[in-house]
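J.: Chains as they are written, first to last, in the working numbering: chain A, 88 to 407; chain B, -6 to 340; chain C, 460 to 965.
Every residue gets a Cβ at the ideal spot worked out from N, C-alpha and C, and that includes glycine.
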Amino acid sequence: MSFPLRLFVRWETFLLLVLCATLILGTHVSRYFATSSNISIALASITPVAIVALPMTLVIVTGEIDISVGSIVGLCATSMAVCLEHKFSVELAMVVGLLVGTLAGLVNGLIIVGFGLPSLVVTIGTLALYRGIAQIMLKERGVSSFPDWYQSLGFGTIGNGPVPWSSLLFLALFGAFAIFLHVTRWGRAIYAIGNNREAARYSGIDVRRTILGVFVASGAVSAVAAIVLTAYLASARSDTAMGLELPVITAVVLGGVNIFGGSGTLPGVLIGLLVLAFVQNAFGLAGMTPEEQEIVTGSVLVMTLAIFGLSGAVRRLWRR
Amino acid sequence: MTGIGSGPGRLARSRQGGVLARLLRVRELALIFALAIICAAVTLREPRFLESANLEQVALSATLVCIVALGQALIIIARQIDLSVGAMVATGAFVSADWLSVHPHASILWVALIGCVVGGLLGAGNALLVAGLRIPAIVATLGTLAIYRGGIIALAGGRQISATVLPDSYGHIAEIHILGLSLLVWLAIGLTCALGWMARFTRFGRNLYALGSNPEGARFAGIAVRRHIAGVFILSGVLCGLVGVLWGARFGTVDAVIAPDLQLQTISSAVVGGVSIFGGSGSVFGAALGSIIFAVLQNGVQLIGVSQFWLQAIIGAAILGTVIFYSRLARRAERSERRSRLARSRS
Amino acid sequence: MPPVVELHGVTKRFGAIEVLGGVDLTLDAGRVHALAGENGAGKSTLVKMLGGIHQPDAGQILKDGVPIKMLGAADSQRQGIAVVHQHPALFPDLSVAENVFIGRQPRRMGRIDWPGMISRANELLLRLGVALDVLTPVKALGVAERQAIEIARALSINARVLVLDEPTSALSRREVDRLFELVGRLKVEGVAILFITHFIDEILGFSDDVTVLRSGRHVITAPVEEFTPELIVRAMIGTRLEAFFPKQQAKIGAPVIGVRGLSGAGFVEDVNFEVCAGEILGFFGLVGAGRSEVASMLFGIVRPDEGEIEIAGASVRPHSPRDAMRLGISLVPEDRHNQGLVLPFTNRANETLPVLRRLCGHFGLMRRDEEKKIATDYSARMRVVATGIEQVTGTLSGGNQQKVLLAKWLIPGPRLLILDQPTRGIDVGAKSEIHRVISQLATEGLSIIMISDDAEELMGMADRILVFRNGRIAMESRRGAFDREALLLAAAHAPRSSDAQPPRAA
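(1) Can you pull out the residues from the segment 107 to 129 of chain B whose beta carbon lies closer than 7 Å to at least one beta carbon of chain A?
(2) Taking only beta-carbon positions, decide if A/G281 is within less than 7 Å of chain B.
(3) CA-CA distance, C/G511 and C/A618?
(4) Beta carbon of C/G489, beta carbon of C/G649: below 7 Å?
(5) Starting from the beta carbon of C/Q564, find every residue of chain B whose beta carbon is closer than 7 Å, and list them in chain order.
(6) Tell whether a beta-carbon distance below 7 Å holds between B/V82 and B/G237.
(7) Under DSSP, the beta strand (DSSP E) around C/G723 begins and ends at which residues?
(8) So A/G349 contacts chain C; which residues on that side make the cut at Cβ distance below 7 Å?
(9) Please list the residues of the segment 557 to 582 of chain C that have a C-beta atom closer than 7 Å to any C-beta atom in chain B, keeping them in chain order.
(10) Does the beta carbon of B/A203 come closer than 7 Å to any beta carbon on chain C?
(11) Within this structure, are the beta carbons of C/I561 and B/A252 separated by less than 7 Å?
(12) If contacts are defined as beta-carbon pairs under 8 Å, then C/V482 and C/V463 qualify, I think. What distance do you get, rounded to the angstrom?
(13) Does C/F432 come out as helix, strand or coil in the three-state DSSP assignment?
(14) Please confirm whether C/Q519 has its beta-carbon closer than 7 Å to some beta-carbon of chain A.
(15) Bridge partners of C/S774, per DSSP?
(16) Rank B/L37, B/I166, B/L257 and B/L102 by C-alpha distance to the C-alpha of B/Q309 and give the top, closest one.
(17) Measure from the C-beta of B/S320 to each C-beta in chain A and report whether the shortest distance is under 7 Å.
(18) Can you find a C-beta in chain B that's less than 7 Å from the C-beta of C/Q880?
(19) What is the DSSP secondary structure of C/A783, reduced to helix, strand or coil?
(20) Let me know if C/V622 comes out buried or exposed under the rule of 16 or more other beta-carbons within 10 Å of its beta-carbon.
(21) Using a C-beta cutoff of 7 Å, does B/R3 count as contacting chain C?
(22) Less than 7 Å between the beta carbons of C/I716 and C/V730, yes or no?
(23) Go to B/C233, then tell me how far its alpha helix (DSSP H) extends in each direction, as first and last residue.
(24) Within the same chain, show all residues whose beta-carbon is closer than 7 Å to that of C/T504, passing over the 5 residues directly before and after it, in chain order.
(25) To which residues of the same chain is B/L239 closer than 8 Å at the C-beta, ignoring the five residues directly before and after it?
(26) So that I know if they touch, is there some Cβ in chain C lying closer than 7 Å to that of A/R296?
(27) Answer yes or no: do A/G385 and A/R324 have a C-beta to C-beta separation smaller than 7 Å?
(28) Pick helix, strand or coil for C/E465, following the three-state DSSP scheme.
(29) To be precise: take each residue of the segment 523 to 534 of chain C, compare its Cβ to all Cβ atoms of chain A, and keep it if any distance is under 9 Å. Which residues remain?
(30) Find the nearest neighbour of C/L865 within the set C/T811, C/L917 and C/G823, judged by alpha-carbon distance.
(31) Does any residue of chain A have a CB that is nearer than 7 Å to the CB of C/N929?
(32) Hey, is A/V208's beta-carbon within less than 7 Å of any beta-carbon in chain B?
(33) Using a threshold of 7 Å, state whether the C-beta atoms of A/L112 and A/A338 are closer than that.
(34) If you draw a straight line from the C-alpha of A/I346 to the C-alpha of C/L786, how long is it?
(35) Could you tell me the distance, in whole angstroms, from the CA atom of B/V247 to the CA atom of B/S94?
(36) Could you have a look at C/M695 and say whether DSSP puts it in helix, strand or coil?
Shown next, in the form of structure tokens:
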């Protein structure tokens, strides 16, 4: 078996173990943990992060990063809110939101590709810019005049089972992204670019257009996340999804994607997301505030990587 | 290409060194120039900008970000990044203020020391992950950001430490003036100069540039790469701890959620100040200038009476504008370099 | 006088693989010791041991007769051993002076003594006869200048041992001469020099002693006078080679591609040539003479300012590698690791990268079976030695990587195949196999442009050779009239008269 494949399998098995440990821990924390309503809450609360994590995986595998996703979600939510304020239908508002998100991603991509700038810096800039535009548009107002059917996108479950509608939406997107990344030629091109940009160019791959594409995808899918998130929160404000980029990147890295690009898989990211969802849920049931749960999230990330790093260090030492 | 050193190459090459040297100068000059233009524009609309009380406000608000940005700049120069600075500042601030509220008669120096030690320990945590376990800095500090912030929130349990439980001497630090300038501002100036000197005149400083420029090469050249990376993360932690103490002194009230965006502010300051995000080039002076520009922008927006909701957008536009400007500048320098190289090879 | 450095029975294992097994080596002051061996013979491991990067598992390193232990690059420097790497490990953002003294900057009263450092750097470069502004950032310099800086670094630590790890493979002929001149001066000063190279001429022309390694074992050590080229090659590969370059005569057909008045890259001027079916056209010249630039214009990487490219009677203008591929042009680039291959990919993924579009069905879904079949076919044709098409390319030897790269660029089914330095840095066995493949492709009617700075290689392979100098074609020579000296002269020597009248070969 090839080396990266072996690494992946080990990473994935390791993550699965972590997931099992989390589930066992959860059932010990509270009898309520394993109930279908709790599982549906855990899934619904991670869904916006999970949706944005899909294009983020593509972006990071390409060797780029998009820090501005939280602001794009906020900007889309704000645009939809402004539409509702002007008494547009919610369907039209959703279309506007999707357009705004796509446009925001396009702007990111155009600046990065057009000027050849590092995406970390550019998206730090647009993080401030998009959030600023949202603040100009909505000031400190909050909008919550969403119809009931829209809100059920966030919380409603299929046939009152444990699976929320939003998770179904996520699963559909996940399937599409997984096929795109792992089975199509564009996915192959993304891995090639992430591993060796120059060789990809020499192989006739249009590197700039591909990078532009992943940033547009990132913007468009962030808009979808904005729809799910506003439905979940039943409101939209200019500070919606502030700081969303952190849990998203955490989930992607936890899922085994190399932060420098070139490797990582979407199934891995899915397990990473589930670990995050259930860890947070379990500690929430144990009475931790959301802020305190951050310790757990951060610790899971650092410990997972540290154990992996440590095992590498031990191996090196042993070889010496 | 002329061999490794023929006569005529010499002149061309010293000219070419000039191009790059000029580029560096252009960067910092352009920054000062931009700062002057912003100041002039704000003053035209609102002359109160130049009143000493207002300028002091600007200086004070620049100070805290500036000190953290110095550490961040050195980290970025070494091709790393520290996302946990805000959480370290909050932890340093809360722990030291909490200790002071229990020991109200203790010397203020002890408080400063505690802040620095706390910051240093948190920085050492980052160092352990990045240098010890070789976890990429952006990921490791993303994790510690959550851990440190969550930790201090759990420790604080929603408490606020306000001026009423703190001794007056604490708040007085911010009011000490030397030669008309606040002690805090002097501290920032002093630290900027000290770290600027360190970056230029010590082996530690130069080695940071070296390992940012070529990490593998640094190892081959016998530089203790991991020790240097650990050092610079601990340095950043100490600076954050110090800023935490100053934060409490300046604002009087400390809680666990202060400085939420500090990592973005300091990275932006460094980048706008001309520090390359890929490491190896830039200076702490540039980062300091960057933080001043942001402070002036913020103050100007408030003064002119532009709605505060515009501030974020303006900051975002400023960041994008500068990095695009720098990339054009670099490309032009590169092109003229290529041309002179060609001219040489033709001769 | 005892030798400066001695290696006694040095052994190194990585996991289960023994990379070096009981190797002896002796370096004497004022002598150049050449180390030869195929890729994988253990040369670079030995270099890394002397550089303090690896430690021997068994055996001893003696310095002036005393056993030493080096646990890092710093230790090795302290012992007076300086290593000049193939790709100089310099710091592009820092100045020349700092690069010379990095990690050991002269200090005065606790601070770095900049004026002192600058003047000492100037002194060292002067001693090497190199004129450089020591405040220039290194990113503005070429490879040869960078190596000069590494040598200055060696001087600055008063190195008594200088290790040159394949220093010449990235240099043009003239720069190589220059390098040898520099090293010659150090030799006179009594420095012991270990010189690793693939070029047999360089071993014979430049060294005093020769050691040959084969698969981690010591084969022979003797003064250079006792060697002939055949002897060295035989020691390296263990069996006698039939011929270096098995060129088969191909039938040369109609012109496939014509280039007229090509200028551009700020450099190339008025280049004209034609390549016919079945013909191997050699491009000879120094690095930077314009040969690779012409190749990148044909492949759509650099846009020409002027000139016409004609394929099958139609004028074309490739704007990107993809355009060029559509026109039936393939380029095997010079830099295998950066431009050629995605090292963490499998051989299969690497080989099919240029033809992904063709291997796709609906919605861009890859047709796996077809992909596997093509990759297996071509791997077999190229005789890639691997566990299979699913082996990760980065784990192959250099020669096999090059074969994968060749397969990758044959799969699109090109009309014109451009090979930029196809055998650089690979071992003799793989080299002759690649020559066999190239020769066979020509007999199948493919047009081939082969770029090389090894005149011998081109003379063996090409039907015609164009010599580039300063962005122009300086000479054209046909098979049968090849003259090594004339080629070298045309490439390296400018004619006296100011007008660039190319000196024709007899």
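T.: Taking the structure as given:
(1) L122, L126, R127, I128 and P129
(2) No, because no Cβ of chain B sits closer than 7 Å to the Cβ of A/G281.
(3) 14 Å
(4) Yes, the Cβ-Cβ distance between C/G489 and C/G649 is below 7 Å.
(5) R196 and R199
(6) yes
(7) P714 to G723
(8) For A/G349, the residues of chain C that pass the 7 Å Cβ criterion are P803, in the order they occur in the chain.
(9) E557, I561, G562, Q564, R570 and I571
(10) yes
(11) no
(12) Not really, about 17 Å apart at Cβ, beyond 8 Å.
(13) Because chain C spans 460 through 965 in this model, residue 432 of chain C falls outside it and cannot be assessed.
(14) no
(15) C/E769
(16) Reading off the sequence, residue 309 of chain B comes out as Gly, not Gln. The shortest C-alpha separation from B/G309 is found at B/L257.
(17) Taking Cβ atoms only, chain A reaches closer than 7 Å to B/S320, which makes this a yes.
(18) no
(19) helix
(20) buried
(21) The predicted model places B/R3 with a pLDDT of 35, which falls under 50 and marks its position as unreliable, so this point remains unresolved.
(22) no
(23) V218 to F244
(24) Same-chain partners within the cutoff: K471, V478, L479 and H513.
(25) T56, L57, I60, I166, A167, L177 and L180
(26) False, the Cβ-Cβ gap to chain C never drops below 7 Å.
(27) no
(28) strand
(29) Of all residues in the segment 523 to 534 of chain C, none has a Cβ within less than 9 Å of some Cβ in chain A.
(30) Of all alpha-carbon atoms in C/T811, C/L917 and C/G823, the one lying nearest the alpha-carbon of C/L865 is that of C/T811.
(31) no
(32) yes
(33) Taking 7 Å as the cut-off, the Cβ atoms of A/L112 and A/A338 do not count as close.
(34) 37 Å
(35) 11 Å
(36) helix
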